[in-house]
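In the working numbering, the protein residues as written are -18 to 373. Right, one structure below, let's go through it.
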Amino acid sequence: MSQRPTVKRDFSFSNPAVRAWLYQIIAIVAVLVVVGYLVHNTVINLSNRGITSGFGFLERSAGFGIVQHLIDYSDGDTYARVFLVGLTNTLLVSALCIVFASLLGFFIGLARLSDNWLLRKIANIYIETFRNIPPLLQIFFWYFAVLRNLPGPRQALSAFDLAFVSNRGLYLPWPESAPGTLPFLIALMIAIAGSIGLFRFNRKHQLKTGQLRRSWPAALAMLILLPLGAHLIFGAAVHWNVSELSGFNFRGGFALIPELAALTLALSIYTSSFIAEVIRSGIQSVPHGQSEAALSLGLPNPVTLRQVIIPQAMRVIIPPLTSQYLNVVKNSSLAAAIGYPDMVSLFAGTVLNQTGQAIETIAITMAVYLTISLSISLLMNIYNRKIALVER
């Protein structure tokens, strides 16, 4: 029997693998040393200044009011409640800006590729103007130059005495639940489920027999008649709380404060200029032969764009679009410049100044923005994997 040759392992510094492991260990040790030094230095400084660390301050009463809150809040609530108010306000402005910027950017991007010379030039001017002006300046423009110059509450602009616009904000009717809410929702869910089932049944019938059946008339009838019947039998589903002028301001309804309006307008317009270029580049990345093939089949341009071009362009659009959504969330922190009560203004501002818990408040605020950004990235990556081409 022949013996296997013994392999000598080289653990000398001349071995590239050994050097690579050694460099990584040195880097990790260096990072741990720096982090340890910073933590030790922070603990000593806090002790010297008599500042207690921990998150117990969240249970103390805040003692200040907040102009806008999506959840119930009063002056006597805790700092933990303030955190939730700031979080919901940040999520609100981020969601509004993402939706509006996406819609506006999509249409501006299509206009950028239009055959109409005037429409194409207007879209080009829009993109080059708003994406080259800092977002903070745009926020100041909408807040100080536009919204703050609106008339006061007594001279507010009115729309049929239902909606009011003044320098205090936009006041809209707000729905409140009524006894017929539950029957209305049940009837609506039944109508939606029936419509989906009808579409699927007619689709299977078409694939089996080749006969096309129209589904939308019956589906539309269910969506209208079933909720209407619930409304007539069980009463109104909602009552509308309409704003009324009381003293020096409006009371009731839903108030959209000027700070939120200015922030939403500025960030939506600013981000839409970048999204428009993302849409344009994504559409232009689709081979021109795809459009020619659709044209040779006699497909109209809207159908070609919706069924052929956009689905292929989305594979190119999603990655840079994700970056723009992340920028929206991060740029929402500019709300502190005009006093909108978001995470930075409320928690990393007012709460920090009142409690002195700088490390805890800043750490929580950073963790919130990190969590929101990672969640958006996760959702967009999941969608990106679903639309990605699968090679055999």
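By construction, the Cβ of each residue, glycine as well, lies at the ideal position given by its N, Cα and C atoms. Remember, predicted model here, so these are calculated numbers, not experimental data.
- prompt: Buried or exposed: which applies to E258, given that a residue is buried once 16 or more other Cβ atoms fall within 10 Å of its Cβ?
  reply: buried
Give the list of continuous alpha helix (DSSP H) stretches no shorter than 4 residues that lie fully inside the segment 90 to 168. 98 to 111 and 116 to 121
message: Tell me the rounded alpha-carbon separation between N113 and S326.
response: 26 Å
Are there 16 or more other CB atoms within 10 angstroms of the CB of A274, so buried, or fewer, so exposed?
exposed
Quiz item: Does DSSP put G270 in a helix, a strand or coil?
Solution: helix
inquiry  = Whether or not the segment 144 to 155 and the segment 227 to 243 are in contact is what I'm after, with contact meaning three or more pairs of Cβ atoms, one per stretch, closer than 8 Å; do they touch?
reply    = yes
Per the contact definition of three or more C-beta pairs closer than 8 Å, is the segment 344 to 361 in contact with the segment 296 to 304? yes
Buried or exposed, going by whether 16 or more other CB atoms sit within 10 Å of the CB of D58? buried
* **L226: first and last residue of the uninterrupted beta strand (DSSP E) it sits in** => E225 to S227
Are A82 and A159 closer than 8 Å when you measure CB to CB? no
| request: Spatial neighbours of I171 within its chain, please: CB distance less than 7 Å, with the 5 preceding and 5 following residues excluded, ordered by chain position. | output: L207
- Report the three-state DSSP secondary structure of F36 (helix, strand or coil). coil
Could you have a look at H212 and say whether DSSP puts it in helix, strand or coil? helix
- prompt: Do you know whose CA, among R195, F229, V223 and F165, lies nearest F214's CA?
  reply: Inspection of the sequence shows that residue 214 is occupied by Ile rather than by Phe. When each option's Cα is compared against that of I214, the closest is F165.
* Asked: How about the segment 305 to 318 and the segment 240 to 253: do they share at least three Cβ pairs that are nearer than 8 Å?
  -> yes
message: On a Cα-Cα basis, can you pick out the residue from P134, T190 and S196 that is closest to R181?
response: S196
Out of I167, S176 and V15, which one is the CA nearest neighbour of G210? I167
* To do: List the whole-angstrom C-beta distance separating I79 from V309, where the pair is believed to meet the contact cut-off of C-beta under 8 Å.
  => 5 Å
- Can you tell which of P268, L351 and S254 has the C-alpha that lies nearest to the C-alpha of Y107? S254
Practice problem: Select from R62, V(-1) and P292 the residue whose C-alpha is nearest the C-alpha of K367. | Solution: P292
Looking at the unbroken beta strand (DSSP E) that takes in R194, where does it start and where does it end?
Here R194 belongs to no beta strand (DSSP E), and DSSP marks it neither H nor E.
Same chain, Cβ closer than 8 Å to I441, five either side skipped, listed in chain order: In this structure the chain extends from -18 to 373, so residue 441 is not present and cannot be described.
- If P283 and N70 are in contact, beta carbons under 8 Å, what's the gap, nearest whole angstrom? Contact doesn't hold; Cβ gap of about 39 Å is too wide.
* Asked: To which residues does DSSP link N22 through a beta bridge?
  -> BP columns for N22 are empty, so no partner.
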